[in-house]
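Report on the following structure.
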Amino acid sequence: MNSLCNKLIACYSIGSIFQQLNFFVTFATVITGNNFISYKTCVLIQLLPIFFSFFSFPLTFFIAIERFLAIFFPIWYKKRNGNYFLIIILFCCFVLGSYVTSVDIITSFGNPNTLVICAIGPKIDASLVNYLILGMNFGSICAYLAVWIRIKFAVGNYTDYQTHLLKCLFVLLLLELFGWTFSVGLRVFIGPLFGIVSGTFLNFLIINLATNIAYIAIALNLPVLYTFSKEHRAALNKQWVKIKAIFRLSTVHATGVQPANAVFVVPNAISRQQTSSQSLKTHGRVYSRAM
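Per our numbering, residue 152 is the first one in the sequence shown, and the count goes up by one each step.
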C-alpha cells in the first residue's frame, strides 16, 4: 500500500477534499439569496478550491502514466525511487494550480467591482483549459487501454493486486470523464442551445448543477476502491477499526460513562495480589502439616 500509485491516489483524494470546499460558497449563496458578488471577493473566497481543482486534476493523468510505466517497463521502473517521481509530479501539479490561481487574482484586482456568479472556474482562456483537460483525459484513456491489453494477454505475469488496482483506476477514470463531460456539456452546450444569458439566475443554476455532478463523481473514489480491490478493502477495514476505537474512547471522555463490558486491568496490582495469596496458601499448608 506504500507504492507510488497509492500515494498519488491519496494526494488526489486530499486535493479533492479542498476542492469541494466550494460547496460552502454555494450553500451560503442559497441561504443568503445573494447570487452575485464582486469579482475580487469571489476569487478570494475561492482560492483554495481553485488551486486544488487544478492541483488534483492532473494527478489522474499522472496515475495513468505511472501504471503504464510499471506494466510496460517493470525492470526499469523497480530500479527507480518512487519518491523522486512523487516530488516531480506534485511540483508540476503545484505549478499548474499556482498559475491558474495567480491569473485569477491578477484579473480580479483589475476588475474588483464586477459582479459575478461565484463558482469555480479559471479566468484565463476557457478554450486553453478545455484543450488541456481534453488532452489529459485522452492520454489517460490511451494509457489505461494499453495497460489493460498488456495484462489481458499476459495474465500469468501479473499479480491479482495489479489487476484489481487497474480495474479500480479505470472505473475512477470513467467516473471523472462522466462528471467532466456533463459539467462541460451543461456549461458549453445547454446554455447557448436554450438561449440562457450569462449572468442570470438560470445560468447560475446550470453552472452549479454541472459542478455538483462532477463533485459526485469525485466523491465516489472511496466506494470504488472498497468495492473493486480486496487489498484496499482490507486496508480500509483496518482503519475503520482504529476509527471506531478512537470514537469509543472520545465518547467515554465526553460522557464519563464506561461501556457495560469494559474491563480494566492493572497488571502490577494483580500480580502482587496473586503473589501474596499464593504465599498465604503455601504457609497455610506448611502450618497444617506441622500440626
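Cβ coordinates follow ideal geometry from the N, Cα and C atoms, glycine included. As the structure is a prediction and not an experimental result, all values here were calculated from the model.
Counterpart residues of residue i in DSSP-defined beta bridges
i: isoleucine 188; result: Val267
Own chain residues within Cβ distance below 7 Å of residue i, not counting five before or after
i: asparagine 185; result: none
i: leucine 376; result: Cys319 and His383
i: phenylalanine 219; result: Ala294, Ala297 and Val298
i: cysteine 162; result: Leu210 and Leu241
i: serine 291; result: Thr211, Phe212, Ala215 and Leu324
i: asparagine 264; result: Ser189
i: lysine 381; result: His315
Residue i: first and last residue of the uninterrupted alpha helix (DSSP H) it sits in
i: glutamine 170; result: 155-170
i: asparagine 372; result: 372-379
i: arginine 218; result: 198-223
i: phenylalanine 260; result: 233-261
Of the listed residues the options, nearest to residue i (C-alpha basis)
i: glycine 248; options: Leu155, Gln390, Phe208 and Phe212; result: Phe208
i: asparagine 262; options: Tyr250, Cys193 and Asn173; result: Cys193
i: asparagine 157; options: Leu237, Gln197, Val254 and Ser204; result: Leu237
i: valine 322; options: Leu373, Phe187 and Phe174; result: Leu373
i: leucine 241; options: Ile300, Gly166 and Leu324; result: Gly166
i: phenylalanine 260; options: Cys162, Pro225 and Lys191; result: Lys191
i: glutamine 197; options: Thr378, Val280, Ser291 and Thr252; result: Thr252
i: phenylalanine 289; options: Ile300, Leu324 and Asp255; result: Leu324
i: phenylalanine 203; options: Ala215, Ile284, Ala396 and Ser164; result: Ser164
i: valine 254; options: Arg231, Asn264, Asn232 and Val280; result: Val280
i: leucine 155; options: Ile256, Glu217 and Ile182; result: Glu217
i: leucine 159; options: Tyr235, Phe178 and Thr183; result: Tyr235
i: leucine 195; options: Arg231, Ile256 and Ala179; result: Ile256
8 Å CB neighbourhood of residue i in its chain, flanking five on each side removed
i: proline 418; result: Summary for proline 418: the model assigns pLDDT 48, below 50, so the residue's position carries little reliability, and this model does not support an answer.
i: isoleucine 188; result: Leu266, Val267 and Cys269
i: proline 200; result: Phe169, Gln170, Gln171, Leu172, Asn173, Val176 and Ile271
i: isoleucine 245; result: The residue asked about is misnamed: residue 245 is phenylalanine in this sequence, not isoleucine. Counting only Cβ-Cβ distances below 8 Å, and skipping sequence neighbours, we find Phe206.
i: phenylalanine 379; result: His315, Lys318, Cys319 and Val322
i: alanine 441; result: Any reading at alanine 441 is ruled out, since the residue's pLDDT is 39, under 50, leaving its predicted position unreliable.
Neighbourhood of residue i by C-beta, 6 Å cutoff - its chain only, sequence neighbours within 5 removed
i: lysine 229; result: none
i: glycine 123; result: With the chain running from 152 to 442 in the structure shown, residue 123 is simply not present.
i: lysine 395; result: none
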